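In full-length UniProt numbering, the protein residues as written are 1 to 270. The beta carbon of each residue, even a glycine, is placed where N, CA and C say it ideally should be. These numbers were taken from a predicted model, which means no experiment stands behind them.
Below is the structure:
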C-alpha cells in the first residue's frame, strides 16, 4: 500500500465519502452491508474497486450516483451532498441495454432525452462522438448488426452524450470474450482520458483493475469497508495504456500483492 503522492494530494477533489455506512432492515433484523467508508477521489482520477463477491462494490456505485442513500455518513460531489440521482453522474452497466428498434444514433441520444436536453444538440454531439471513436459508419445500423464490443462502445457514448462529469462502470466488460475485453478496455480507457472524466470501475478482473486505474481499492468481506489502497505507480512513467501497464516491470508486484489480500476473501479492514 502506498501513501498519497504530492501530485494526487493536490488534485481537485471531485467525490468524497465521509464515514459512509449502509444497512438493510427487515422487521426482524438489520444487515450491515457497508461500514465506515471514507474516501476522496480527485477530478480526472480513475479508480478501480475489487473485493469478494457480495461485498458491496456495486452498492458503493449506487451510493455515489444517488440511487441509494447511506444509512450513516455522507456522499458529496464537488462539495455538495448527494441526496438524489445526480446529472453529474453517468452509469455504464454490464449489459448495454440498447433499444433494438432504434438505430445507433437514436440509441446514443436516449440519456440526453431522459434529461430533457435539446434534441438536435444531442444528436449532433452523438454523431460527433460516434465519428470520433470509430463508429461513424454505423450510425444508421441496428444494434443487432454490431459486435459485442461495438455495442459497449455505443453504450459508453450514450452515457457521454448526456455530459456527465463522473462515469461509474459496473463490470462493463464481463459479458465479452477475453480478446474483445482486452481491446475494449483499451478503447474505453482512451475515451475516458480523452474526455477528462472521473471514473470509478467495479470489476472482478484483477488485471483489468490494475491496468486501467490510478488507484485500486480492495474491499473487505461484509460488513465491508476499504481494506487497502494501492496507488499504481509504474517506473516507466507517462500515460501508459492498459496493455502497456500489463507489460510493465512492477505490474506483477501489484498483482501479487492484491491477490494475496483477496485470496480466501480473508481481507481485514484498515
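- Comparing alpha-carbon positions, the option among 230, 239, 210 and 162 lying closest to residue 251 turns out to be 210.
- Assigned with DSSP and collapsed to three states, residue 212 falls in helix.
- Apart from sequence neighbours up to five positions away, the residues of its chain that approach residue 100 with a beta-carbon distance below 8 Å are 142, 143 and 144, ordered along the chain.
- Cα atoms of residue 228 and residue 188: separation of roughly 26 Å, rounded to the nearest angstrom.
- The C-alpha of residue 243 lies about 19 Å from the C-alpha of residue 169.
- Counted as a single uninterrupted DSSP element, the alpha helix (DSSP H) harbouring residue 159 occupies residues 148–161.
- Residue state for residue 87 is assigned as coil, using DSSP reduced to three classes.
- When DSSP assignments are scanned along the segment 32–86, the uninterrupted stretches of alpha helix (DSSP H) that are 4 or more residues long and fall wholly within it turn out to be 57–65.
- For residue 16, the uninterrupted beta strand (DSSP E) run begins and ends at 13–25, by DSSP.
- For residue 171, DSSP records no beta bridge to any residue.
- Boundaries for residue 226: no alpha helix (DSSP H) harbours it, while the beta strand (DSSP E) harbouring it runs 226–231, taken from the DSSP string.
- The beta carbon of residue 104 lies closer than 6 Å to those of 138, 139, 141 and 154 in the same chain, with the five residues before and after it left out.
- The C-beta distance from residue 230 to residue 215 rounds to 7 Å, short enough to meet the 8 Å contact threshold.
- In this structure, the straight-line span from the alpha carbon of residue 86 to that of residue 164 is close to 9 Å.
- Annotated as proximal: residue 56 and residue 33, with beta-carbon spacing under 8 Å.
- The continuous alpha helix (DSSP H) containing residue 183 extends over residues 178–195.
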